[in-house]
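Residue numbers (the UniProt record's numbering), protein chains in the order written: chain A, 1 to 703; chain B, 1 to 703. Backbone N, C-alpha and C fix where the C-beta goes; we use that ideal spot for every residue, glycine too. To start, the structure under review is shown below, and the notes come after it.
2 protein chains.
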Amino acid sequence: MALLNGLAADEESSAVLHEPLLLRRSRSNTTSQIAIVGSNPCPIESLDYEFSAAFVVFATSNLGLTLSASLITAFIAPEAAGSGIPEVKAYLNGVDAPAIFSFRTLLVKIVGSILAVSSSLNIGKAGPMVHTGACIAAIMGQGGSKKFRLTWKWLQVFKNDRDRRDLVTCGSAAGIAAAFRAPVGGVLFALEEMASWWRSALLWRAFFTTAVVAIVLRALVDVCLRGECGLFGKGGLIMYDVTSENISYHLSDVPPVLLLAVIGGILGSVYNHLLNKLLQIYNLINRKGTAYKIILACVISISTSCLLFGLPWIASCRPCPSDTSEPCPTIGRSGNYKKFQCPPGYYNDLASLFFNTNDDAIKNLFSKDTDTEFHRTSMLLFFATCFLLSTFSYGIVVPAGLFVPVIVTGAAYGRLVGMCVGSTNLNHGLFAVLGSASLLGGSMRMTVSLCVIILELTDNLLLLPLIMIVLLISKTVADVFNGNIYDLIMTLKGFPYLEAHAEPYMRQLTVGDVVTGPLQIFHGIEKVGNIVHVLKTTGHNGFPVVDEPPLSSSPVLFGLIVRAHLITLLKKKSFLTTPTLLGSDAFSQFSADDFAKKGLDHGDQIGDIELSEEELDMFVDLHPFTNTSPYTVVETMSLSKALILFREVGLRHLLVIPKVSGRVPVVGILTRHDFMPNHILNLHPRLLRSRWRRLRFPLPRLS
Amino acid sequence: MALLNGLAADEESSAVLHEPLLLRRSRSNTTSQIAIVGSNPCPIESLDYEFSAAFVVFATSNLGLTLSASLITAFIAPEAAGSGIPEVKAYLNGVDAPAIFSFRTLLVKIVGSILAVSSSLNIGKAGPMVHTGACIAAIMGQGGSKKFRLTWKWLQVFKNDRDRRDLVTCGSAAGIAAAFRAPVGGVLFALEEMASWWRSALLWRAFFTTAVVAIVLRALVDVCLRGECGLFGKGGLIMYDVTSENISYHLSDVPPVLLLAVIGGILGSVYNHLLNKLLQIYNLINRKGTAYKIILACVISISTSCLLFGLPWIASCRPCPSDTSEPCPTIGRSGNYKKFQCPPGYYNDLASLFFNTNDDAIKNLFSKDTDTEFHRTSMLLFFATCFLLSTFSYGIVVPAGLFVPVIVTGAAYGRLVGMCVGSTNLNHGLFAVLGSASLLGGSMRMTVSLCVIILELTDNLLLLPLIMIVLLISKTVADVFNGNIYDLIMTLKGFPYLEAHAEPYMRQLTVGDVVTGPLQIFHGIEKVGNIVHVLKTTGHNGFPVVDEPPLSSSPVLFGLIVRAHLITLLKKKSFLTTPTLLGSDAFSQFSADDFAKKGLDHGDQIGDIELSEEELDMFVDLHPFTNTSPYTVVETMSLSKALILFREVGLRHLLVIPKVSGRVPVVGILTRHDFMPNHILNLHPRLLRSRWRRLRFPLPRLS
């Protein structure tokens with residue numbers, strides 16, 4: 001993170017290359033030191049060239065950085081684009097999107113995120129850091145990267161679904177912990193937003209992970225406090241220290257805060273709606289080809305540069321305060337009072353916000369004793385620009401987070417509310433904190449984790465009751481209109497995310513209503529050719545194994561075998577010439593590692609196995625390799641109950657058995673897709689869609 | 001909580017009644033103002049009477065308070081004794097202990113806890129407050145209290161298992177939130193320690209509950225800041241403010257902290273072990289009768305008084321510091337420098353800790369700039385006394401918590417370590433915070449929630465990395481020796497608590513291995529007499545309903561019916577003279593409320609229903625009232641898989657069906673008790689118990 005900060009600061013120093021030019025200009029005009037609104041007191045011809053040069057340098061460096069970020073993302077790892085949080089969340093729900101955790105994606109995510117954040121785009125770094133953490137965890141979970149020759153023997157123990165999922169959860173906790181220096185917030189984020197299944201042991205492990213993050217950060221801060229970090233600054237464990245000696249607020253301060261929360265909730269849902277629509281448009285553009293993706297990124301970068309450079313001209317120059325500890329106006333790379341086009345002794349408040357890293361902008365906005373620093377018009381402009389830029393910048397083909405832009409936008413919104421409310425016991429800095437909370441609550445819809453993250457960001461425990469109330473209200477208000485931003489993105493990406501709750505109409509359906517055929521069944525001792533044919537012609541991943549006479553007196557469901565194990569069996573080619581039972585001797589040719597969970601995208605495909613005609617006519621005994629006690633439900637069970645079993649136990653396949661015996665012992669297999677609302681609606685168009693999105697069968701009396 | 005504090009302070013003022021006597025004594029001895037260790041400079045005969053009188057007043061008032069607390073607990077609601085956290089935790093796991101949430105228990109818990117905490121016993125109030133919160137929630141969940149005429153119609157919606165469980169979870173979160181003014185800590189405590197099942201919606205609701213607690217507390221603090229609270233003091237949202245301007249610690253400070261954590265972990269497990277053994281002894285005493293219970297409580301009270309009054313005589317008198325803002329020595333009810341037997345200008349450090357509320361003692365110990373206030377011997381004595389008193393006081397028949405005693409003991413331990421380590425960047429107050437963390441971690445074994453609670457108690461974010469590391473190490477060290485203190489108490493109380501993980505030996509057993517008979521089955525249309533007979537002769541709560549010819553072609557498992565619904569049917573007496581199918585007309589005689597979950601201990605018993613001979617010969621159609629899709633497992637399923645289904649979905653009954661059809665359609669019912677390790681060990685004594693408590697079947701090659 002320090003690295004990101006540093007690079008962002010580097011870029012920033014290129015962005016202020018024009019300042020000496022402006023300085024010279026204003027020195028020659030010391031007589032006209034009056035606050036000037038949006039006009040230039042100098043003869044235009046003498047400055048035209050200097051400002052143009054400054055803009056060209058600013059815009060070109062931004063464009064160069066954006067272009068490099070989008071090029072590596074588009075050509076090397078398109079999976080690294082965007083936040084990554086929806087992908088990780090879907091993975092933890094059981095959806096393996098291809099290549100999201102590859103080593104390639106990891107590298108592009110890190111480098112691309114640094115480039116993109118440095119390029120003045122209004123995007124965040126928290127999301128990419130969560131994805132980075134999850135990526136590292138997943139690569140460890142699959143025993144390293146074979147392609148890049150980074151493998152460790154001892155990591156083999158994690159080669160199973162559960163451990164890998166646990167590692168990824170811990171990795172995403174570490175991401176937030178590092179991004180916001182909020183170790184407890186990181187654990188809670190992983191718990192509240194990311195994880196679909198949670199165990200007490202996982203809580204403990206995630207806590208351990210973030211403790212390590214906190215200690216490493218603390219050690220780095222130690223180094224920086226000794227001044228050995230150079231450009232990276234002094235650092236500190238608390239990012240935005242807003243502690244006032246005595247925050248005392250009373251009942252009269254609560255109504256404006258409630259109003260702030262309600263409007264923040266509405267703004268949050270508008271933000272989600274706008275982002276959702278924009279992403280749909282961007283998807284159409286991006287689908288046309290890689291060139292279009294990159295052009296889109298460049299257009300956004302240029303527009304951003306124009307806005308950032310153009311808007312400060314509208315803002316008025318404000319006289320420097322006399323009691324500030326900082327130099328004013330700031331000439332150099334970092335500070336609260338940017339000069340921009342103003343005469344000496346004056347500063348441009350909008351430029352101070354724009355030509356700053358996002359972190360410093362937040363720090364400015366959250367600060368106490370700065371109630372007079374910003375003008376209302378500047379704040380409104382800043383808020384509107386951030387709101388629009390953050391929605392327009394997210395969908396382009398670079399790694400981009402949503403957290404920081406939402407925090408900045410929210411802080412500007414909160415300051416605006418504070419300015420409109422006038423004098424209360426809360427200063428504008430505290431209003432900015434509450435504004436960030438309300439927009440985060442309205443957009444991300446988390447409660448406890450956001451509360452703790454804000455607490456850890458600002459170290460202000462006295463504000464806790466107000467932050468809690470703001471988060472609750474904004475979340476409740478926003479929930480009326482649409483869903484969580486990450487859920488919207490997941491829907492757009494088409495991930496079959498399995499919700500924890502059953503939809504009301506599922507109570508009216510039975511499992512038999514959604515099971516669709518044809519069902520592929522294997523016999524306990526199956527012909528090799530048959531297995532190859534079925535594996536090649538279907539995409540199923542699990543197959544019921546049924547024993548029939550003479551192996552049993554009547555057809556009996558023996559168990560369930562998965563595709564990966566069948567492929568392992570075919571690869572070993574230890575076939576039988578006659579159909580005989582092998583028993584546990586069958587294992588002698590296999591090691592445990594053969595049946596271990598393969599790395600993502602590293603599983604063998606059926607097409608890769610070549611078998612002779614002779615081998616195809618042989619047999620294989622599936623009994624020793626079959627899961628003999630799969631979870632089953634009766635075909636008459638209500639769909640919502642089956643969903644609860646499927647979701648709570650975390651299954652991939654659920655066998656459906658007949659109510660009355662005597663027929664085939666299994667009538668179908670339920671997978672994740674059978675529980676998707678779209679699938680069910682296609683099967684049962686009779687289900688009515690009401691205005692409130694609750695689906696139901698038409699009432700019998702009406703029909 | 002403010003109430004508790006206030007009453008504790010009241011008691012405290014009675015505990016220092018003797019101070020004027022001592023004052024007079026010391027005034028007559030102003031010539032001997034030298035630090036005197038454990039000796040009395042006055043002529044003994046002149047003071048004998050005064051000290052005896054003071055002790056008698058002190059001990060008598062303590063005894064009176066303890067006696068009242070134990071009398072109401074023993075005679076009115078024995079369920080209110082102890083912390084209540086194990087009972088609530090068991091309830092949330094699915095164990096309904098009788099009367100733990102009755103209105104009677106609630107009243108006794110509140111009054112008894114106030115009396116007990118006031119009586120100088122070394123017990124806490126957090127546990128009782130959690131139980132109180134859970135109690136209020138549970139009473140709301142059952143629609144109020146019928147007995148006490150407190151019922152509300154709108155509460156009827158909560159009359160089901162899930163909503164009641166959610167309410168109780170929120171109630172326990174509110175308890176911790178109120179006890180420690182830690183709203184986020186309360187949510188996490190409910191999540192990490194209390195809840196067995198957790199949903200995202202529940203997180204949100206618990207957060208809302210504690211937000212209300214935080215706001216009410218904030219409002220009360222507002223009133224108190226205006227000085228309108230009288231005895232209750234000024235209050236404040238942060239209990240122990242330990243913020244130092246710049247806490248800077250370096251790598252060299254870490255080793256002593258690690259040592260503190262390891263020893264803290266060991267002490268925590270010793271604490272658990274000692275408490276466990278003492279509770280076993282106390283159980284033997286308490287079982288002999290109510291009189292024994294009360295005598296035990298009185299003995300502990302008198303011993304506590306003797307120790308508290310006697311031990312300060314050993315401590316040396318220390319000269320008052322010149323730079324303190326408080327009056328020294330303190331003559332009155334509250335303060336850091338108690339005079340006790342010392343001459344003017346001197347204070348007794350041990351008396352300052354003993355004759356104080358626990359809250360003030362913690363505040364003293366956590367304070368910065370007090371490194372010279374306490375002597376090492378005094379601290380050692382204080383630590384040992386707290387350690388012993390807190391273990392000896394818990395098991396007596398009064399409402400008693402464990403949190404605060406462990407925090408006090410841990411703070412003393414931390415200070416001791418700080419004193420032994422000598423000069424570091426961490427002051428003794430911070431060592432006390434870390435000591436509390438280590439003992440809490442070693443005893444309670446929580447991580448995230450304790451971390452946040454300590455954070456909210458002390459408002460010191462910079463200490464976070466150290467607190468995390470201390471909690472993790474002490475928990476890990478203590479886990480080697482024994483379990484969580486609440487789990488130990490639950491085992492002692494015999495609650496069938498269902499762990500989330502399966503024991504390793506369960507993988508070697510099938511469901512069929514643990515199902516025991518005889519199985520009671522009802523037919524779809526059953527004779528009333530038969531139902532009454534089965535309900536009277538068995539204690540089962542769920543019965544499979546099987547349809548046989550002529551209702552179906554072969555025996556078919558129709559579903560599962562529960563005892564409560566059968567009793568409702570019998571109570572309505574709408575029987576059939578001939579065995580006929582009723583269909584959904586059967587519901588016309590019932591309202592939804594008839595089948596709603598009854599309040600705890602308010603369900604009707606089978607013995608209460610009187611039926612004539614004629615009625616016993618009639619029939620009842622069970623089909624409309626049967627759960628037609630119960631969860632089922634095949635008899636050959638591994639026990640550990642069945643346990644995961646049972647635990648994750650939160651079942652009470654799990655039907656076992658045969659592998660091969662043709663026999664009876666159901667072979668048994670699994671309940672919680674079938675998964676208890678004790679039950680399984682009794683059934684399969686062949687399972688080997690190794691030194692490390694892992695059970696397994698003997699290896700085939702060895703046997």
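Annotation for A:GLU526: no alpha helix (DSSP H) segment contains it, though the beta strand (DSSP E) segment containing it runs 525-527. Excluding the 5 residues flanking it on each side, B:THR132 has same chain C-beta neighbours closer than 7 Å at LEU106, LYS109, ILE110, GLY175, in chain order. For A:ILE531, the secondary structure class from DSSP, reduced to helix, strand or coil, is helix.
A straight line joining the alpha-carbon of A:ALA177 with that of A:ILE281 spans about 33 Å.
By the neighbour-count definition (other C-beta atoms within 10 Å, threshold 16), A:ARG218 is a buried residue. In this structure, A:LYS572 sits away from A:ILE609, with a CB-CB distance that is not shorter than 8 Å.
Each residue's CA atom was taken as its position, placing A:GLY265 and A:PHE431 some 15 Å apart.
In the DSSP assignment, B:LEU92 falls within the unbroken alpha helix (DSSP H) covering 85-93.
A distance below 8 Å separates the beta carbons of A:GLY410 and A:LEU439.
With contact defined as three or more Cβ pairs closer than 8 Å, the stretch 420-434 of chain B and the stretch 250-264 of chain B are in contact.
In chain order, LEU278, LEU279, TYR282 place their CB closer than 7 Å to the CB of A:GLY395, counting only its own chain and leaving out the 5 sequence neighbours on each side.
With the rule of 3 Cβ pairs closer than 8 Å, the stretch 199-211 of chain A counts as touching the stretch 462-479 of chain B. Proximity to A:PHE481 across A:LEU284, A:LEU274, A:THR391, A:ASN678 peaks at A:LEU274, based on C-alpha coordinates.
When the beta-carbon positions are compared, A:VAL130 and A:PRO496 stay at least 8 Å from each other. Residue environment: B:HIS623 is assigned as buried (16 or more neighbouring CB atoms within 10 Å of its CB, all protein chains considered). DSSP lists B:LEU655 as the bridge partner or partners of B:THR632.
Across the set B:CYS451, B:ARG445, B:VAL633, the C-alpha of B:CYS451 shows the shortest separation from the C-alpha of B:LEU464. Counting along the chain, the unbroken beta strand (DSSP E) around B:GLY559 starts and ends at 556-562. Taking a beta-carbon distance threshold of 8 Å, A:ILE680 does not count as an interface residue toward chain B.
Across the set B:ALA201, B:VAL666, B:VAL421, the C-alpha of B:VAL666 shows the shortest separation from the C-alpha of B:ASP547. Under the Cβ criterion of 8 Å, A:ALA500 is counted among the residues facing chain B. Just so you know, the alpha carbons of A:ALA173 and A:VAL187 end up roughly 5 Å apart. For B:THR330, the beta-bridge partners assigned by DSSP are B:LYS338.
Sequence-distant partners of A:SER584 (beyond 5 residues in either direction) whose C-beta falls short of 8 Å from its own C-beta, in its chain, are PRO624.
For B:ASN348, the beta-bridge partners assigned by DSSP are B:CYS317. Scanning chain A for C-beta atoms nearer than 8 Å to the C-beta of B:HIS250 yields ASP222, reported in chain order. DSSP places B:THR538 outside both helix and strand once states are collapsed to three, so it counts as coil.
A:GLU373 is classed as buried because its beta carbon has at least 16 other beta carbons within 10 Å across all chains shown. Put simply, of B:ASN541, B:VAL511, B:TYR505 the residue whose alpha carbon is nearest the alpha carbon of B:GLU635 is B:VAL511.
Of the residues assessed, B:PHE75 falls on the exposed side of the cut-off, its CB having fewer than 16 other CB atoms within 10 angstroms.
Bridge partners of B:ASP547 according to DSSP: B:VAL556. When the five nearest sequence neighbours on each side are left out, the beta carbons in the same chain lying within less than 7 Å of the beta carbon of B:ASN93 are those of SER196, TYR497, LEU498, in order along the chain.
If you draw a straight line from the Cα of A:LEU457 to the Cα of A:GLY143, it is about 35 Å long. Burial of B:GLN341 is indicated by the presence of at least 16 other C-beta atoms within 10 angstroms of its C-beta. Closest in C-alpha terms to B:LEU611, from the list B:SER574, B:ASP593, B:ASP166, B:PHE58, comes B:SER574.
Residue-level contact by beta carbon fails for B:LEU167 and chain A, as no gap is shorter than 8 Å.
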